[in-house]
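Line by line, the protein sequences are chains A and B.
Residue 248 in our numbering sits at position 262 of the first sequence, and the numbers go up by one each step.
Residue 130 in our numbering sits at position 129 of the second sequence, and the numbers go up by one each step.
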Amino acid sequence: MISRRNFLKKTALGLAGAALPLAALELVDPGKLFAQVAAEKTAVRWVFLVDTLKCVGCGLCVSACKLENEIPYDANVTRTWVERYVLTKKGKLYADTPKGARDGYASTKIELGHGEFQDVKAGEIEKAFFVPKLCNQCENPPCVQVCPVGATYQAPDGVVLVDRTWCIGCGYCIMGCPYGVRFFHPVYHTAEKCNFCYHRITKGMKPACVQACPFGARQLGNIKDPNDPVTKIIRTQRVGVLKSEYGTKPQVYYIGLDEEVR
Amino acid sequence: MKNHVLRPLIVVIGIVTVILLARMVYVPKDFGVHERGYMYGWYRKGNEEDWKKFKVKYMGAEYCKDCHADKYDSIKGTPHKNIQCENCHGPANDSASDHYSDQRPKLTIDKSRAPCLRCHFPLAYPTSGRSKIRGIDPEKHNPDIECSTCHNPHNPMEGLR
């Protein structure tokens, strides 16, 4: 018959053994570790670089994007757009993006909304510039977090995609995006957004907007590749991101970003 | 257990079973948690491939080079060198006009003044490169004719036609 002392001893030992996770007994396999590091090296994380100093507001990126991605040309929705900022010497700020700058800016009149326009004379202008906008493919995308059905997600290479067959059109993601890049597709009635032209970049092509830009204001890069020219610029030059205070870790970097840009 | 408890319980169990069976049929096999975890990576894996299969429409100037070498070469030495053919001529591989198919339909060229004014409408914005591009006032500079009547877009520096 087992003694009380022996019983307690064996129970304690057994409990201790059970509490020890199996993983603790596994030795570190250098081969496995190396494979992990190697996989990390070849991995892709797409990022975008916008040089606002080069943008002249021609809007060729917007029209190319709309045709490439089958966004109805005359509908007032677009995956990418170009904003115009005009700051007067008196400190007044005007900003507009008529039709998302699909047809560029062929007027000095700035759209105020409700069919009103403001003409700012050249002599009154302190600063004026153009800022292209597109999806930031955030590292922490709030639009993905709020999707109740798993229709929008982040692909392993960082691009946030929308599954049109799975989207129920609730619009939470459109509300959730702090950058306002999402909208309803007028034909499919599902959430729609820029995906860096996923069908092009996965074939080694440039996104349509990058290819269409005659001024080199838009570039795509792989931040995990240290030899990528875009990665080098992001790592060595002064770049900014939009609304970093939201903690979304946006992956569209801007050169020459002004504080007036929201 | 009493009958009035058991009966509705059976109904509830039945409904739950039906929902679970329907879910098994309806939810695709590749739907689940993937690389980015539950928060960002809960989706149907096959959708990545769906997006990769999306049709490419803009092919780039290199695609035009073989057949239109004269135009390709003439624009290369001009300030218009960085403008893609398809920016004015439209996408080569559009669903409406598959330019490289056997039929080879002509692309619709936008010959209006609008594509030129995208850059050549003067905007004196001191902190933008736009102010350095030569511009014309479209209301005063021959308002009724196309720009290409006088200017060659493929070689704007060669002088007027």
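All C-beta atoms, glycine included, are put in the ideal place defined by N, C-alpha and C.
Note that this is a predicted model, so its numbers are computed, not measured.
Within the segment 168 to 198 of chain A, contact with chain B at the beta-carbon level (separation under 9 Å) is assigned to Asn181, Cys183, Tyr184, His185, Arg186, Thr188, Lys189, Met191, Lys192, Ala194, Gln197 and Ala198.
Taken through DSSP and simplified to helix, strand or coil, tryptophan 152 of chain A comes out as coil. In the DSSP assignment, tyrosine 240 of chain A is bridged to A:Val36 and A:Gly226. Leucine 79 of chain A: member of the beta strand (DSSP E) spanning 79 to 82, first to last residue. In the three-state DSSP reduction, glutamate 56 of chain A falls in the coil class, being neither helix nor strand.
Looking only at A:Tyr165, A:Leu(-1), A:Val72 and A:Ile111, the smallest Cα-Cα distance to proline 236 of chain A is reached by A:Tyr165. Proximity of glycine 166 of chain A to chain B, defined by a Cβ-Cβ separation below 7 Å, is not satisfied. When secondary structure is reduced to three states using DSSP, glycine 33 of chain B falls in the strand class. Taken through DSSP and simplified to helix, strand or coil, aspartate 71 of chain B comes out as helix.
The residue among A:Val117, A:Val146, A:Pro172 and A:Val135 with its C-alpha nearest the C-alpha of glycine 226 of chain A is A:Val117. The segment 158 to 177 of chain A and the segment 48 to 66 of chain B do not touch, with fewer than 3 CB-CB distances between them shorter than 8 Å. Restricting attention to beta strand (DSSP E) runs no shorter than 3 residues, the segment 187 to 229 of chain A encloses them at 204 to 208, ordered along the chain. Distances from the CA of asparagine 62 of chain A to each of A:Arg186, A:Arg168, A:Leu(-6) and A:Met161 were compared; the closest alpha carbon is that of A:Arg168.
The C-beta of asparagine 122 of chain A has 16 or more other C-beta atoms within 10 Å across all chains shown, which makes the residue buried. In the three-state reduction of the DSSP assignment, aspartate 89 of chain A falls in the coil class, being assigned neither a helical nor a strand state. Judged by their CB atoms, methionine 60 of chain B and asparagine 88 of chain B are not nearer to each other than the 7 Å cut-off. The alpha-carbon separation between asparagine 181 of chain A and valine 145 of chain A amounts to approximately 6 Å.
Three or more Cβ pairs closer than 8 Å define a contact, and the segment 108 to 121 of chain B meets that threshold against the segment 82 to 99 of chain A. Note that the C-beta distance between tyrosine 240 of chain A and threonine 66 of chain A is not below 7 Å.
Of the residues assessed, tyrosine 59 of chain A falls on the exposed side of the cut-off, its CB having fewer than 16 other CB atoms within 10 angstroms.
By the 16-neighbour rule on beta-carbons within 10 angstroms, histidine 100 of chain A is exposed. Taken atom to atom, the span from the alpha-carbon of threonine 18 of chain B to that of tyrosine 139 of chain A is near 29 Å. Restricting attention to B:Pro123, B:Val34, B:His142 and B:Ile146, the CA atom closest to the CA of arginine 135 of chain B is found in B:Pro123.
Residues of chain B with a Cβ closer than 9 Å to the Cβ of threonine 94 of chain A are, in chain order, Phe122, Pro123, Leu124 and Ala125.
Close to glutamine 131 of chain A, with beta-carbon spacing below 9 Å, are these residues of chain B in chain order: Met40 and Tyr41. For the pair of segments examined, the segment 202 to 212 of chain A was found to touch the segment 38 to 54 of chain A: the number of CB pairs separated by less than 8 Å reaches three. Close partners of proline 92 of chain B in chain A (Cβ separation under 9 Å): Ala50, Leu53, Glu54 and Ala194. Annotated three-state conformation of alanine 5 of chain A is helix, per DSSP. Rounded to the nearest angstrom, the gap between the Cα atoms of valine 196 of chain A and glycine 130 of chain B is 18 Å.
Taking a Cβ-Cβ threshold of 9 Å, none of the residues of chain A is close to aspartate 67 of chain B; the smallest such distance is about 18 Å. Sequence-distant partners of leucine 161 of chain B (beyond 5 residues in either direction) whose C-beta falls short of 6 Å from its own C-beta, in its chain, are Cys151. Between tyrosine 232 of chain A and chain B, the shortest Cβ-Cβ separation is not below 7 Å. At a cut-off of 7 Å, the C-beta of lysine 113 of chain A has a neighbouring C-beta in chain B. Of all alpha-carbon atoms in B:Tyr73, B:Lys30, B:Arg37 and B:His81, the one lying nearest the alpha-carbon of proline 157 of chain B is that of B:His81. Within 8 Å of the CB of leucine 118 of chain B, the CB atoms of chain A belong to Gly90 and Ala92, in sequence order along the chain.
When C-alpha distances from lysine 85 of chain A are compared across A:Arg70, A:Asp105, A:Gly77 and A:Val247, the shortest belongs to A:Arg70.
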